[in-house]
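Notes for the one structure printed next.
4 protein chains.
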Amino acid sequence: MKFNVSSRLTYYVQEDSTIILNVHALRTPTQTILEETLQIDPYIKTEEITSTGCESRLVRFKVNAGTNVKIEYKALIDNSYKHLDTNSLTEVAVEELPASVLTFLNPSRYCQSDKLYRFANNKFGSIEPAFNKVLAISDWIHDNVEYLSGSTNSQTSAYDTVTELAGVCRDFAHLGIALCRALSIPARYFTGYSYLLKPADFHACFEAYLGGEWVIFDATKLAPLNGLVKIATGRDAADTAIANLFGNVNCSWIEVGCELAEDVFNPVFYNSESTVAVSYI
Amino acid sequence: MKFNVSSRLTYYVQEDSTIILNVHALRTPTQTILEETLQIDPYIKTEEITSTGCESRLVRFKVNAGTNVKIEYKALIDNSYKHLDTNSLTEVAVEELPASVLTFLNPSRYCQSDKLYRFANNKFGSIEPAFNKVLAISDWIHDNVEYLSGSTNSQTSAYDTVTELAGVCRDFAHLGIALCRALSIPARYFTGYSYLLKPADFHACFEAYLGGEWVIFDATKLAPLNGLVKIATGRDAADTAIANLFGNVNCSWIEVGCELAEDVFNPVFYNSESTVAVSYI
Amino acid sequence: MKFNVSSRLTYYVQEDSTIILNVHALRTPTQTILEETLQIDPYIKTEEITSTGCESRLVRFKVNAGTNVKIEYKALIDNSYKHLDTNSLTEVAVEELPASVLTFLNPSRYCQSDKLYRFANNKFGSIEPAFNKVLAISDWIHDNVEYLSGSTNSQTSAYDTVTELAGVCRDFAHLGIALCRALSIPARYFTGYSYLLKPADFHACFEAYLGGEWVIFDATKLAPLNGLVKIATGRDAADTAIANLFGNVNCSWIEVGCELAEDVFNPVFYNSESTVAVSYI
Amino acid sequence: MKFNVSSRLTYYVQEDSTIILNVHALRTPTQTILEETLQIDPYIKTEEITSTGCESRLVRFKVNAGTNVKIEYKALIDNSYKHLDTNSLTEVAVEELPASVLTFLNPSRYCQSDKLYRFANNKFGSIEPAFNKVLAISDWIHDNVEYLSGSTNSQTSAYDTVTELAGVCRDFAHLGIALCRALSIPARYFTGYSYLLKPADFHACFEAYLGGEWVIFDATKLAPLNGLVKIATGRDAADTAIANLFGNVNCSWIEVGCELAEDVFNPVFYNSESTVAVSYI
């Protein structure tokens, strides 16, 4: 699938500051960047860096005090994804997990899986096979957590959401991740552009490691699973913030776009009869 | 310096389980392993894996239900460390940080630096240069947090410790890390064997990234900074647990040793006049 | 019903301290104290005080440094309780609640009902009538929270228990109270002696205000509802601790007894067909 | 001192709801209400109730669905307060505290004194006499916590504020109360009208029980201590909310006034040389 993605951000910088931006589409075997531009007004020289510990293409630059900096990223993406037979998406035993995946079993800042063992096991522990277990987690979040803009903030974590039962896509993803890890299923945070998301915005989902594949889940059900363009994956939002700001910086504008650049799109959502799952990479 | 290190752990395994052990001394340019044995009784085939996202040598093995498994690790280590002039240990600007270090600015499970900005900046923000800033953090923890065995558990985080003011080495390290990150100084968790620690046990400290080096700090002041043998570094204890247990496993015995294997040892501690700092790697 | 109740507590007092003891059976219209002795060895003059804001008979005394103080309370209680038709136990509208009951709608230290509105309403909001609603809360706690000695401490609150799903009678009661208040049903903490509780100990339950009566519920289901001797009621355990210790005091012994002092006892537990509920007072 | 106080609140009621309003000035031996009106538009019959467990004059009324209800309270108050010699404001030993005061030693929803023992004792434990101890607490809060509108919400408690170091008058009061109780000094929440507060609003302070008197402290230092008109005292904001809303009610307007109704006013603030303290009642 081809998508035109874009993001426009404006920051006012009060003192000399450094911004690490994380809005570029990832380059992966299945995600090709056909065209891409980053414009910063006024012009600032940037450095692209590849983070370790998560997948992302960071852009770092310094901004002088008193600058109103306008950032525009545009890209044309050619994206594909795997269709996976859900019957093959069984749990991978801990002794078979690749070393690179083990880190996604650990609790992280916003996904305190260590506090959710009983809850996860009581509610989902006996559901088999593993794909259905994660689907049940995703459905439970969808059915029990209210999507409510402004109900949470940057400190809200899965431990809050599991009780307070309100949040946005970020919170839905964190809770999904925490519950998977509490059941010894590796899970990670996915942030990206999302076709048909209303209102348009950056989106957050989660990936669970099933049958040797990173399978995408979206507990918000707000957008099709096959309309995503990956920006980053990481342990949680602490790894994958759209921007890390060092200094005195205020964001005054965010505008995000994701449009189809071809004719046909057949939206994919999971339901209880799903036999095909979606995996990027 | 040469050290004989050892650890003996006994686990009773009630159902088929997987253990990922993290007691091996790291191999680094300055830490050579002269001899090393791992014995598991009854014999179990193990696999050594190298984790990503943190530095450690993990050993993974499966244990059958009903087994009482005794693990003994012994090694002879030849260890050196850098003496660094504290004047050179200035803060590295965010725009100069290597990509691999950036992840150690993010909040993590036990180090919620995002909640400590005001606290860290009010108390330590104006102390310069950076080495003295981190030393002030370490000293403040030492002077304000009571070392009290049993006062905390595996869920205790820096956010608890900064207020409750009691904990063990793990908690001291987490708080040091969180305060550094809140000040935009990369910091990570260090776990290892520790010469002259009383009572003998695994030890936890933290490293701050200053002047391009990972400099060791120990807010407990319970053992000399130059008597450490590194097992692992990571974002916090979630990355670097001595053992991760998957299944129904109970630990019934832990015994740790670290003895000098040569004649002379001049213990190093920092104080307010320190002009030389210690860095492993 | 007649019960012989007793408690023996030993404290070692390291510096001059004040103890406020809360082990006396309450005097209420339905709870008569036939005999009662309090012995403190060595002899210390005590003062009985009646707290405000909760119902309890507190005994206050000062202990000199270096004293090992043994306290023995024994009483013969004649206790009755109301049998209430569950059909009459409907919700009392907020505008009809007596002023003295309103305080039991507010969140308190261990019962953060303000954080549980969505959870309580989603799960229990539509169950009618009110007795069944509270019964459903009590049953949900019983079915989902594991009774596990030592899993919690004096700082554990309903907000923890609702997610971590382990605790002791105190935690079960706090969660029941918090969920009732989140549904605008007044609820309070009940602590007392409990016949047939195994192992013998002080017990904690909760009372919900239904149909104009304080109806007793015990989410642990560990003891019959008609075998209780009330020590105190209050907003939560912060109001009704068995002892408040001011100074440096360590408890070294607690022993509690509650024996039937007549021939016949027909234990009462609720179940889904219960048509009769129990109310003390 | 004479003050004209007023409050105007507008609520939109979506479903039949009950409001318990808490804006009336208290009647106390030193606070006389010379004139008072409460107007509700459209007219609704109200009931005045006196809460137990805290001091307040609550007004309760039911509002039908679809009503936009405008409330206006106006009163002319004649207020006096005690001038107390700070030398007399010593700590009252626990064994001498009146029974009615004991409850203000307990932790409460927003004042988790049980978590702050070490912090309070380390920082303030050795300051004598007691008035200076509480003054040091109040000054520490003022100097370390940033007054920042919108930084906190109705769930924020002293345990958050002591670390996050930002809040509004309510948070300042909660932290002051929690620290006093952690030091065995009874403390309670005070809400009222406040002359010279800018911008005009309801205000919150705290009272500490010293030398047998409830002495007023205001860690915000935003208004003179002798310009207060008491609405309520209680354990914390859970007891003393300006309005408790049962049903679906949204507040769309709050306006508060407090004007001097005589010619001369000499504002009183404490400083380190204060020899006179202020007590209402």
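Chain order of the listed sequences is A, X, H and E. Residue numbers for the first sequence follow the numbering used here, so the first one is 1 and each next one is one higher. Residue numbers for the second sequence follow the numbering used here, so the first one is 1001 and each next one is one higher. Residue numbers for the third sequence follow the numbering used here, so the first one is 2001 and each next one is one higher. Residue numbers for the fourth sequence follow the numbering used here, so the first one is 3001 and each next one is one higher. Note that beta-carbon positions come from the ideal geometry of N, C-alpha and C, so glycine has one too.
In the structure shown, N3250 of chain E falls within a strand segment according to DSSP collapsed to helix, strand and coil. In the three-state DSSP reduction, N121 of chain A falls in the helix class (H, G or I). Sorting E:V3278, E:E3055, E:G3211, E:E3036 by C-alpha distance to the C-alpha of E3072 of chain E places E:E3036 at the top. Neighbours of E1128 of chain X in chain A, taken as residues at a C-beta separation under 9 angstroms, are lacking, since the least C-beta distance is about 17 angstroms. Residues of chain E with a Cβ closer than 9 angstroms to the Cβ of F2246 of chain H are, in chain order, A3093, V3094, E3095, L3105, S3184. For Y2270 of chain H, same chain residues with a beta-carbon under 8 angstroms away, outside a window of 5 residues either side, are L2135, S2138, F2217, L2225, A2277 in chain order. The beta carbons of I2020 of chain H and A2238 of chain H sit about 13 angstroms from each other, so the pair does not count as a contact at 8 angstroms.
Take the alpha-carbon of S7 of chain A and the one of Q31 of chain A: they are about 18 angstroms apart.
Counting C-beta pairs closer than 8 angstroms gives fewer than three between the stretch 3258 to 3272 of chain E and the stretch 3010 to 3025 of chain E, which falls short of the contact rule. Between the C-alpha atoms of L2175 of chain H and D41 of chain A there is a straight-line separation of about 55 angstroms. Restricted to the stretch 2014 to 2070 of chain H, not a single alpha helix (DSSP H) segment is unbroken, complete and at least 4 residues in length. Under the three-state reduction of DSSP, V3162 of chain E is assigned to helix. Residue state for A277 of chain A is assigned as strand, using DSSP reduced to three classes. The beta carbon of Q2112 of chain H sits closer than 8 angstroms to some beta carbon of chain E. Not a single C-beta of chain H is nearer than 8 angstroms to the C-beta of L3116 of chain E. Rounded to the nearest whole angstrom, the CA to CA distance from T220 of chain A to A130 of chain A is 20 angstroms. With distances taken between CA atoms, S2157 of chain H lies nearest to E:S3108 out of E:A3204, E:S3108, E:E3164, E:A3178. Counting of Cβ neighbours within 10 angstroms places T1086 of chain X among the buried residues, the total reaching 16 or more. Between the alpha carbons of V3256 of chain E and C1111 of chain X lies a gap of roughly 42 angstroms.
Think of a sphere of 8 angstroms around the beta carbon of R3027 of chain E: no beta carbon from chain H falls inside it, the nearest being about 16 angstroms out. Taken through DSSP and simplified to helix, strand or coil, T1010 of chain X comes out as strand.
Taking a 10 Å sphere around the C-beta of E1091 of chain X, we find 16 or more other C-beta atoms and assign the residue as buried. N1106 of chain X has no beta-bridge partner at all, per DSSP. DSSP places N1087 of chain X in the helix class (H, G or I) of the three-state scheme.
With contact defined as three or more Cβ pairs closer than 8 angstroms, the stretch 1093 to 1101 of chain X and the stretch 1055 to 1066 of chain X are not in contact. Minimum Cα-Cα distance from Y1043 of chain X among the listed residues X:K1070, X:N1022, X:L1009 corresponds to X:K1070.
For Q1014 of chain X, the nearest beta carbon of chain A is not closer than 8 angstroms to its own beta carbon. Inter-residue distance for E1207 of chain X and T233 of chain A is about 26 angstroms (C-alpha atoms, whole angstroms).
Short of 6 angstroms from the beta carbon of R3170 of chain E, and not among the five residues preceding or following it, lie these beta carbons of its own chain, in chain order: A3204, A3237. Of the residues X:E1213, X:F1246, X:T1163, the one whose Cα lies closest to the Cα of A93 of chain A is X:F1246.
A residue is called buried once 16 or more other Cβ atoms fall within 10 Å of its Cβ, and N266 of chain A, having fewer, is exposed. In the DSSP assignment, F1172 of chain X falls within the alpha helix (DSSP H) that extends over 1169 to 1182.
Listed as beta-bridge partners of H2203 of chain H by DSSP are H:G2192. Taking the C-beta atoms as reference points, A2075 of chain H is found nearer than 8 angstroms to A2025 of chain H.
Per DSSP, the beta bridge partners of K1230 of chain X are X:G1192. The three-state reading of DSSP puts I3141 of chain E in helix, counting H, G and I together.
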